[in-house]
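*Asks:*
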Amino acid sequence: MPRDSHPQHASPQLSHASSEHSDWRPSTDRPLSRRVALGAVAGGLLSLSGCPLAITPVGPESEPPQQSDPELTTVKALVDQVLEKEYATRGLSTAQNGAWQIFHGILAYGDRFMVDTSAGTQPALEYLRAGGFCNGFDPVIGDPLENTNGDSTRYGLRVDLEPETKIGQGHRDQWLAVISQTGLPLSTPWIVNEYDFTLEDWMRQAEQDIPRNLENEFSWTMIPLSIYRPTDYRWKARDGKTYSVESLLDHESSVSLQQSACGGTHRLIGIASTLNKRRAEGQPMTGVWESAQRRVDQGVQLAKANQNPDGSYSSAYMHRTGWCRDLGEMLGTTGHVLEFLAIAADDETLQSPWVTRGVERLCNVLQDCQGVDMECGVLYHALHGLVEYQRRMA
277 MPRDSHPQHA
287 SPQLSHASSE
297 HSDWRPSTDR
307 PLSRRVALGA
317 VAGGLLSLSG
327 CPLAITPVGP
337 ESEPPQQSDP
347 ELTTVKALVD
357 QVLEKEYATR
367 GLSTAQNGAW
377 QIFHGILAYG
387 DRFMVDTSAG
397 TQPALEYLRA
407 GGFCNGFDPV
417 IGDPLENTNG
427 DSTRYGLRVD
437 LEPETKIGQG
447 HRDQWLAVIS
457 QTGLPLSTPW
467 IVNEYDFTLE
477 DWMRQAEQDI
487 PRNLENEFSW
497 TMIPLSIYRP
507 TDYRWKARDG
517 KTYSVESLLD
527 HESSVSLQQS
537 ACGGTHRLIG
547 IASTLNKRRA
557 EGQPMTGVWE
567 SAQRRVDQGV
577 QLAKANQNPD
587 GSYSSAYMHR
597 TGWCRDLGEM
607 LGTTGHVLEF
617 LAIAADDETL
627 QSPWVTRGVE
637 RLCNVLQDCQ
647 GVDMECGVLY
657 HALHGLVEYQ
667 RRMA
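The C-terminal residue of the sequence shown carries number 670 in my numbering, and the numbering is unbroken.
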């Protein structure tokens, strides 16, 4: 079958309710609790979970830019230096690492992130878009997608869960969330099994599959919605019910953060990303939106209140005070909290001394861990936090 056509095979018939429904609201709270593996161990780390030193160097080490002003300028220069050092000295390989590791690298460095493949070192995102093999990344052909004339001429693209494997996708729409943050438009082509798809096909399938999210965890789904759709967006899913950005936001804002992945930082990031889009649109911040903003503001306040004297954030994330001498655990908690702050905090807060201390401490921990294999999740979330901080402070 030619590459320029979608597969025309029979698809399961879906049952849709014929009547209109009000926007979906979950009746039960079923947060997904997930233990995060933390810790930095020199050598002996499983290749499918560790992020080793670069197999093939991907770029020169950069010198920090010239410093001019006081502490804030110095910390910004430190961030630049650490990001380039980590980029130049660490790397992943499709022969040794799975999609879980590689997509976390893409989260931090976007289309700059390189990966070693059987065909040589190349941009990871470009490699995957072209249909390159990666253990744990197995997109499948989804449901027929109706066009404006009601004809099913295209098919969706779906990536199923492989939770707790640290190889495949651990959360619903996790990979789509990563890709959306790289800036790729919905028209971007994506090849699967020699068939041409687009990110729009992937996005629409994710919207159709909201009822399949039995974990009721929409933290990652909110991110591509906030990037690709307006905040008043509504759609009908495979169960015939009408869903909206607002209904998902309402749910996410009501879930216990302590029972959520990584201390609830991912939930807060999804909420904050949606609120940022709402403000950019100039839309009213009332009702559900106002409540969601209060939840985010509370998260920022708790991060500050429970910050440790050394600048690191609590080993219990934002829920209580806590400190741990293990640098891997400190990297995981401080990195995730900074990632949330860099996306959610206002400009004044982001420039405040307490945030600056947190950034400096995170950079120091990363410097202390140079030359040591790191768990990819904590490493690249920390680096993504620094990337977002760098972007906001530019």
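For each residue, glycine too, the CB sits at the ideal point set by N, CA and C.
#1: Quick one: any contact between the segment 356-368 and the segment 628-643, if contact means 3 or more CB pairs under 8 Å?
#2: Just checking my contact of Gly-444 with Glu-438 at CB under 8 Å: how many whole Å lie between their CB atoms?
#3: For Gly-575 versus Phe-616, is the C-beta spacing smaller than 9 Å?
#4: Just to confirm the assignment: which complete alpha helix (DSSP H) runs, minimum length 4, are found wholly within the segment 588-641?
#5: Quick check: what's the CA-CA separation for Gly-367 versus Tyr-385?
#6: Taking DSSP as the reference, what is the three-state secondary structure of Met-676?
#7: Touching or not, the segment 476-487 and the segment 451-465, by the rule of three or more beta carbon pairs under 8 Å?
#8: Using a threshold of 9 Å, state whether the C-beta atoms of Leu-638 and Ser-588 are closer than that.
#9: DSSP three-state label for Asp-345, please.
#10: With DSSP collapsed to three states, give me the class of Pro-420.
#11: Do Val-468 and Glu-525 have their beta-carbon atoms positioned less than 9 Å apart in this structure?
#12: Does Phe-494 come out as helix, strand or coil in the three-state DSSP assignment?
#13: Look at Ser-502 and Ser-532 and say whether their C-beta atoms are less than 9 Å apart.
#14: So, do the segment 399-416 and the segment 461-476 have three or more beta carbon pairs nearer to each other than 8 Å?
#15: How many Å lie between Ser-287 and Thr-429 at the Cα?
#16: Does Ser-532 come out as helix, strand or coil in the three-state DSSP assignment?
#17: Report the option in Gly-446, His-447, Ser-523 and Leu-475 whose CA atom is closest to the CA atom of Leu-460.
#18: What's the C-alpha gap between Tyr-471 and Ile-417?
#19: Apart from the five residues on each side of it in sequence, which residues of its chain come closer than 6 Å, Cβ to Cβ, to Thr-441?
#20: Could you tell me if Pro-629 is buried or exposed, where buried requires 16 or more neighbouring beta carbons within 10 angstroms of its beta carbon?
#21: Among Asn-489, Glu-624 and Gly-546, which one has its Cα closest to the Cα of Asp-436?
#22: DSSP beta-bridge partners for Gly-396?
#23: Quick check on the DSSP output: the beta strand (DSSP E) that includes Arg-510 runs from which residue to which?
*Replies:* Let's see:
#1: By the criterion of at least three beta-carbon pairs nearer than 8 Å, the segment 356-368 is in contact with the segment 628-643.
#2: Reading the sequence shown from its first residue, position 168 is the one you call residue 444. Reading the sequence shown from its first residue, position 162 is the one you call residue 438. The Cβ separation is near 3 Å, so the contact holds.
#3: Taking the first residue of the sequence shown as position 1, residue 575 is located at position 299. Taking the first residue of the sequence shown as position 1, residue 616 is located at position 340. In contact: Gly-575 and Phe-616 (Cβ atoms closer than 9 Å).
#4: Counting only runs of 4 or more, we get 603-620 and 623-626.
#5: Residue 367 sits at position 91 when you count from the first residue of the sequence shown. Residue 385 sits at position 109 when you count from the first residue of the sequence shown. About 12 Å.
#6: In this structure the chain extends from 277 to 670, so residue 676 is not present and cannot be described.
#7: yes
#8: As a first step, residue 638 must be located in the sequence shown, where it is residue number 362. As a first step, residue 588 must be located in the sequence shown, where it is residue number 312. Cβ atoms of Leu-638 and Ser-588: closer than 9 Å.
#9: On the sequence shown, position 69 is the one that residue 345 refers to. Only weak support is given to the placement of Asp-345: the predicted model assigns it a pLDDT of 45, under 50, and the value that follows is read from those uncertain coordinates. Three-state DSSP puts Asp-345 in coil, outside helix and strand.
#10: For the purposes of this step, residue 420 is taken as residue 144 along the sequence shown, with counting starting at 1. Three-state result, Pro-420: strand.
#11: Position 249 of the sequence shown, counted from the start, is the residue given in the question as residue 525. Position 192 of the sequence shown, counted from the start, is the residue given in the question as residue 468. The amino acid occupying residue 525 in the given sequence is Leu; Glu does not appear at that position. Contact: no.
#12: Indexing the sequence shown from 1 puts residue 494 at position 218. Here Phe-494 sits in coil by DSSP.
#13: Within the sequence shown, numbered from 1, the residue matching residue 502 stands at position 226. Within the sequence shown, numbered from 1, the residue matching residue 532 stands at position 256. Cβ atoms of Ser-502 and Ser-532: not closer than 9 Å.
#14: yes
#15: Against the sequence shown, residue 287 aligns to sequence position 11. Against the sequence shown, residue 429 aligns to sequence position 153. Its pLDDT being 35, under 50, Ser-287 is placed unreliably in this model, and the value from its coordinates should be taken loosely. Using only the alpha carbons, I get a separation of about 12 Å.
#16: Against the sequence shown, residue 532 aligns to sequence position 256. Here Ser-532 sits in coil by DSSP.
#17: For this step, residue 460 is matched to residue 184 along the sequence shown. Of Gly-446, His-447, Ser-523 and Leu-475, the residue nearest in Cα terms is Leu-475.
#18: Counted from its first residue, the sequence shown places residue 471 at position 195. Counted from its first residue, the sequence shown places residue 417 at position 141. The straight-line gap separating the alpha-carbon atoms of Tyr-471 and Ile-417 is approximately 9 Å.
#19: The sequence position of residue 441 within the sequence shown is 165, counting from 1. Correct list: empty, nothing qualifies.
#20: By one-based count along the sequence shown, residue 629 stands at place 353. Flag for Pro-629 reads exposed.
#21: As a working note, residue 436 is residue 160 in the sequence shown. With distances taken between Cα atoms, Asp-436 lies closest to Asn-489.
#22: Within the sequence shown, residue 396 is the residue found at index 120, counting from 1. Per DSSP, Thr-393.
#23: Within the sequence shown, the letter at position 234 stands for residue 510. 510-512 is the extent of the beta strand (DSSP E) around Arg-510.
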